[in-house]
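Numbering of the sequence shown is given in the numbering used here, commencing with residue 1441 and proceeding in unit increments. Where a beta carbon is used, it is the ideal one built from N, C-alpha and C, also for glycine. Data first, discussion second: the structure below is written as structure tokens.
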Amino acid sequence: MTAPSPSEQPRDTATPAGPEPAPESTGDGVPRAYYVVIGSDAARRVCGSLRSAGHLVRHLRQPSDEELRPALDGEVAGVAVLFDDDVESLRYALAVEHVRPRVPLVVTVFDRTVAEQLARMVPNCRVTSSADVAAPVLLAACVQPDLLALRQTPDGPVGARWEQGAVRLEAYRPPRSLRYRARLGKIRGQLRPHDGSSRIMLAGLAGLFGVLLADWIWAVTLHHRPPVEALVEAARTLATVGPATAHGSTAYLVFTSVAMLVTIVLTAVFTAGMVDRLLAPRAIGMVGSRALPRAGHVVVVGLGQVGLRLCTRVQALGFGVIAVERDPAAPNLRLAKALGIPVVVADARDRFVLRKLRLHTAQAMAAVASDDLDNIAVAVAARAVDPDLRVVVRAGDHEAIAETRSLFSIGIVRDLASLSAAWTTASLTGLRPYGVLAQDSRLLVEGPSGSFSPWPYTGRCAHHQDGGRSGAESRDRGGPPAADTGG
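Following this line, the structure appears as structure tokens:
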């Protein structure tokens, strides 16, 4: 996807042409600063978080170069570029660096190759993605809910736990019962076909092997043939060229005649299944890491960047994982296949699909699609299939998440928008965070030294739809700075 040219970008005509003068300090004595945030949905949380700290913010959605230049005049403390499209993020990051060299930049890029190249070209740029920020939190919720986060380090997995009013980091090793159950589930998943063509192929293969074994046993036990010669004769029967010699047994000749006729049918069945598997794109294997586990696994619904990161983290812990993606043309399907992640292309809102994923023996299910309403629907369907299943729900900016949680418990909800906004805001203000944790209704930002600092929770904007102007939008158009109100 190519980023639109500046002339094609939608204009935010009400955005002021230049920065506002920044007062010397906030009411808490913290120096005020002026920041520029470029983006749409994800940018709202960052703007609200910066304003709640008393800073001045200019929010630009998709500015042209002519709109970007005046916004970067004056004392700009930092710029955030927050888009879901990597190409668009790259385009604006390079444009900001061109207009205002060496200004502190925070950019969200999902593709790691693009992120590495951007960090190399722009040394003053910090690159991350909401997937990287949220993956440790989601992983902990799937594996052990009393952990706040779980991440991989060179020394092994490390979990963050809330104890006695503080965060404690400790080495994590999955309980032996979980590891045994997950390993047994992987073994049970081998040669267990999920689709019809695989069943046809395995049925034909099993039938051919049965004919070969029956002929070999007959020759060895009843005619006392040496095992190797009996195998050669059984192979000739399987190849429909008849036994090497006639043993003078009418029963054996009748058996080999019937076996050769049956072999013709079984060969056709096996070939049909094999051809279908070779020609049709498959994201599930029958053996190896891409075979569907049968127990102790984690089901991840939504194979976007967040879902893909979560799948790889679950695999790194040694647990089985099944990804479910509704779009057969999803860009991450090819990458998931290369990483050995089994992917079921189906609609996870269908209870029949969820039953085939064996939710009643799964360890957890994570609904991490980009659409909040889809995640709610998947969580409700999973509860209907297995009321005791641990369900983790990715929350974004849709108000339905809060409304549904007030009606009944849909699972462990993790607000990815707030986590990402806290990380971005902390990076802009010079804290260089290592991660962000969620503990009840508070956010904790982890610094490079391993210390955790409380961070204000920025709620959803009350009215950010096209039908009405949110408080953040009106302030972006020149109103006085103030904290965003939660939805």
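Taking only the alpha-carbon atoms, compute the straight-line gap between residue i and residue j and give it to the nearest angstrom.
i	j	result
A1769	R1823	28 Å
D1595	S1638	40 Å
A1902	Y1532	Bear in mind that the predicted position of A1902 carries a pLDDT of just 39, short of 50, making it unreliable; the figure below should be weighed with that in mind. Roughly 28 Å between the two C-alpha positions.
L1732	G1760	8 Å
A1674	P1782	37 Å
R1795	Q1630	18 Å
Q1557	D1787	36 Å
V1784	L1743	10 Å
A1606	P1503	42 Å
L1813	V1831	15 Å
L1871	S1529	22 Å
S1810	R1676	57 Å
L1500	E1506	12 Å
M1805	T1752	15 Å
V1549	R1749	13 Å
V1702	D1790	39 Å
V1694	L1652	15 Å
A1835	A1857	7 Å
M1700	A1679	8 Å
I1478	R1566	15 Å
N1772	V1554	16 Å
S1891	L1609	10 Å
L1775	Q1755	15 Å
L1512	L1534	14 Å
Starting from residue i, trace the alpha helix (DSSP H) both ways and give me its first and last residue.
i	result
T1865	L1856 to L1868
P1576	S1570 to V1583
T1680	First-last for T1680: undefined, no H or E at that position.
V1562	No alpha helix (DSSP H) holds V1562; DSSP gives it neither H nor E.
Q1755	Q1745 to A1756
R1623	R1616 to R1628
Does the Cβ of residue i have 16 or more other Cβ atoms within 10 Å, making it buried, or fewer, making it exposed?
i	result
D1572	buried
Q1803	buried
D1526	buried
G1650	exposed
R1552	exposed
L1662	exposed
Q1604	exposed
H1737	buried
V1764	buried
N1564	exposed
G1659	The sequence given here places Ala at residue 1659; Gly does not occur at that position. Label assigned to A1659: buried.
T1864	buried
H1904	The predicted position of H1904 is uncertain, since its pLDDT is 38 and thus under 50; no value can be drawn from it.
A1617	The question names Ala, yet the displayed sequence has Ser at residue 1617. S1617 should be labelled exposed.
P1576	buried
S1928	No answer is possible for residue 1928: it lies beyond the span of the chain, which begins at 1441 and ends at 1927.
T1869	buried
L1884	buried
V1705	exposed
V1668	exposed
Answer yes or no: do residue i and residue j have a C-beta to C-beta separation smaller than 8 Å?
i	j	result
R1628	R1734	yes
V1486	A1861	yes
V1598	Y1612	yes
A1878	D1855	yes
V1497	L1490	yes
I1762	L1797	yes
V1808	V1853	no
R1717	I1724	no
V1536	L1545	yes
G1488	R1472	no
L1648	T1707	yes
G1946	A1622	Residue 1946 lies beyond the residue range present for the chain, which begins at 1441 and ends at 1927; the question has no answer from this structure.
L1579	A1600	no
A1643	V1709	yes
L1799	V1739	yes
G1514	Y1475	no
W1656	A1646	no
Along the chain, where does the beta strand (DSSP E) that runs through residue i open and close?
i	result
V1738	V1738 to V1741
G1875	G1875 to Q1879
I1478	Y1474 to G1479
L1732	Element bounds for L1732: n/a, residue is neither H nor E.
A1606	A1606 to A1611
S1893	F1892 to W1895
L1829	Looking at the DSSP string, L1829 is not in any beta strand (DSSP E), and its letter there is neither H nor E.
V1549	From DSSP, V1549 is part of no beta strand (DSSP E); its letter is neither H nor E.
R1498	L1496 to L1500
A1589	L1587 to T1593
G1596	G1596 to E1603
| said: At 4 residues or longer, what runs of the alpha helix (DSSP H) sit wholly inside the segment 1765-1825? | reply: 1772-1778, 1791-1796 and 1812-1825
| query | Could you give the uninterrupted runs of the beta strand (DSSP E) lying entirely in the segment 1509-1547, keeping only those of 3 residues or more? | reply | 1516-1522
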